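With our numbering as the guide, the letters of the sequence shown map in order to residues 4 to 371. Glycine included, every Cβ here is placed at the ideal spot set by N, Cα and C. Please read all numbers here as calculations on a predicted model, not as lab measurements.
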Amino acid sequence: MQLKPHSRIVLKIGSNLLVEGGAPRSGWLSGLAADVAGLSADGHTLVVISSGAVALGRAALGIGTRGLSLPEKQAAAAVGQISLAQTWRDALAESGLKAAQVLLTSEDTEDRKRHLNARATLNTLLDAGVIPVINENDTVATAEIRVGDNDRLAARVAQMLGADVLILFSDIDGLYTSDPRHDTAAQHIPHVPHITPELEAMAGGAHNHNSTGGMHTKLAAAKIATAAGCAMIIANGTTAHPLKALLDNGLHTLFAPTTTPLSARKKWLAGMLHLSGEIIVDDGAAKALGMGKSLLPAGIVALHGDFERGDGVAIKDKTGVLLAKGLSAYDRADAEKLIGKQTRDIEAVLGYAGSLEVVHRDDYAWLR
């Protein structure tokens, strides 16, 4: 398997790989951390989605393998998350890397304002050379912790960050025509150009008490990731140095993206139906936007509507022609203060160091 230069990679690690007998598999995790360090040194950026909090919390609370009520799952997650974060911190530190714990919910990836906040935080961590270790915020979930949430969460994070590839490490080396644990005639499927109903019919369920996801949740993740322009790989993570093994042509299934990350995002932005306001720009800003540059405060001449940070806005020229649709980095009140200002003046005007762009180049779709 080959990675593009400076690829952005999201790794999802399941509970059954990370936890054994109620304790972290420290030796295995050290090998994975060394793999992550090697890719980081080669210029790639990596984000980890890690399950395991509930599994570790079970052991600490003496719950065992029986089924858990929602409050018990949340309590186990609260206890286990401390161990999970420390485990990752120590393993990555062995390889000279810094870790950050990030807890997300589905709302953090789907609500525009929270999406922007989460993306900005993750990008800041990556720019600082830190490895974000993300888990679902199970402790505060208001609905029952659903099967396979971290598979789908990994795909949402890949979508949010414009990742090039999502790697789901499991205890199986990809997609098969049937469950190879029970069918010796099962055939491995190395490449999936499109997800079909026939492929979905092949998906099975989880078989380990620590695991909440099966192949069907991985296919659901593949739909999200590939539609966002991100390739997805299912590979066996049980061996030592699983990333190295995968890159050394280890057996896996590759789900091909159906577009590019940027094209997928631009298509979504262009299709926004609800726009909360309008930003009117001068001729210079209109020309810059047409060249793919960000919208700076100096190019704004007027605002209309009552919008909040992260809301969709129409960007128009002085004659009222719709040029683009985008997401505002500021609410109406602060954007109003910045009209015509230079970027160097933003902190003095607002009293805080806000975004240099009112609409970032990645956050608008040019329509002309």
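What ranges does the alpha helix (DSSP H) occupy inside the segment 11-82, keeping only unbroken runs of at least 4 residues that lie completely in it? 18-21, 29-44 and 56-64
Short Cβ contact (8 Å threshold) for Gly315 with Leu330: Stepping through the sequence shown from its first residue, residue 315 is reached at position 312. Stepping through the sequence shown from its first residue, residue 330 is reached at position 327. Yes, the pair counts as a contact, with Cβ atoms nearer than the cut-off.
Relative to the C-alpha of Thr90, which candidate in Ile227, Trp31, Ala123 and Thr127 has its C-alpha closest? Position 87 of the sequence shown, counting from 1, holds the residue named residue 90. The shortest C-alpha separation from Thr90 is found at Trp31.
How far does the beta strand (DSSP E) with Leu298 in it reach, from first residue to last? Your numbering for residue 298 matches position 295 in the sequence shown. It is not in any beta strand (DSSP E) - Leu298 carries neither H nor E in the DSSP assignment.
Is the CB-CB distance between Lys247 and Ala368 below 8 Å? Walking along the sequence shown from the start, residue 247 turns up at place 244. Walking along the sequence shown from the start, residue 368 turns up at place 365. No, Cβ-Cβ distance for Lys247 and Ala368 is not below 8 Å.
Quick one: any contact between the segment 152-166 and the segment 50-57, if contact means 3 or more CB pairs under 8 Å? yes
Residues in its own chain within less than 7 Å of Arg92 by CB, not counting five upstream and five downstream? Here the question's residue 92 lines up with position 89 in the sequence shown. Hits under 7 Å: Ala102.
Kindly indicate which residue of Val168, Ile192 and Asp167 has the alpha-carbon position closest to the one of Tyr179. Taking the sequence shown and counting its residues from 1, the one referred to as residue 179 is at position 176. Measuring from the Cα of Tyr179, the nearest candidate turns out to be Ile192.
Check for me: the alpha helix (DSSP H) holding Glu350 runs from which residue to which? Counted from its first residue, the sequence shown places residue 350 at position 347. First-last of the alpha helix (DSSP H) with Glu350: Ile349 to Leu353.
Is the beta carbon of Leu20 closer than 8 Å to that of Thr241? For the purposes of this step, residue 241 is taken as residue 238 along the sequence shown, with counting starting at 1. For the purposes of this step, residue 20 is taken as residue 17 along the sequence shown, with counting starting at 1. Yes, these two residues count as a Cβ contact at 8 Å.
Alpha-carbon to alpha-carbon, Arg159 and Ile227: By 1-based counting over the sequence shown, the position of residue 227 is 224. By 1-based counting over the sequence shown, the position of residue 159 is 156. Rounded to whole angstroms, Ile227 to Arg159 spans 7 Å at the Cα level.
Segments of 3+ residues assigned as beta strand (DSSP E) that fall wholly inside the segment 220-301: 234-239, 255-258 and 280-284
In angstroms with no decimal places, state the Cα-to-Cα distance between Glu372 and Ser33. There is simply no residue 372 to check, as the chain begins at 4 and stops at 371 in what is shown.
Residue closest to Pro196, alpha-carbon to alpha-carbon, out of Asp176, Ala188, Ile236 and Phe310: Taking the first residue of the sequence shown as 1, we reach residue 196 at position 193. Of the candidates Asp176, Ala188, Ile236 and Phe310, the one whose C-alpha sits nearest the C-alpha of Pro196 is Ile236.
Out of Asn239, Leu42 and Lys328, which has the shortest C-alpha to C-alpha gap to Ile282? Taking the sequence shown and counting its residues from 1, the one referred to as residue 282 is at position 279. The candidate whose alpha carbon is nearest that of Ile282 is Lys328.
Nearest neighbour of Leu73, chosen from Leu306, Val57 and Ala88 [CA to CA]: By 1-based counting over the sequence shown, the position of residue 73 is 70. Minimum Cα distance to Leu73 is reached at Val57.
Can you give the Cα-Cα distance for His9 and Leu169, rounded to whole angstroms? Within the sequence shown, numbered from 1, the residue matching residue 9 stands at position 6. Within the sequence shown, numbered from 1, the residue matching residue 169 stands at position 166. Cα-Cα distance, rounded: 14 Å.
Leu171, enclosing beta strand (DSSP E) - first and last residue: Here the question's residue 171 lines up with position 168 in the sequence shown. Per DSSP, Leu171 belongs to the beta strand (DSSP E) from Val168 to Ser173.
List the residues that DSSP assigns as beta-bridge partners of His194. The residue labelled residue 194 in the question sits at position 191 within the sequence shown. Answer is Leu257, bridged to His194.
Between the alpha carbons of Leu42 and Leu306, how many angstroms are there, rounded? Translated into the one-based positions of the sequence shown, residue 42 becomes position 39. Translated into the one-based positions of the sequence shown, residue 306 becomes position 303. C-alpha separation (whole angstroms): 45 Å.
Taking the beta strand (DSSP E) that Pro135 falls in, what are its first and last residues? Here residue 135 is taken as the residue at index 132 of the sequence shown, counted from 1. Element bounds for Pro135: Val133 to Glu139.
Going by DSSP, what residue range makes up the beta strand (DSSP E) through Lys321? As a working note, residue 321 is residue 318 in the sequence shown. Here Lys321 belongs to no beta strand (DSSP E), and DSSP marks it neither H nor E.
Could you give the distance in angstroms between the alpha-carbon of Asp45 and the alpha-carbon of Ile303? Walking along the sequence shown from the start, residue 45 turns up at place 42. Walking along the sequence shown from the start, residue 303 turns up at place 300. Cα to Cα, Asp45 sits roughly 41 Å from Ile303.
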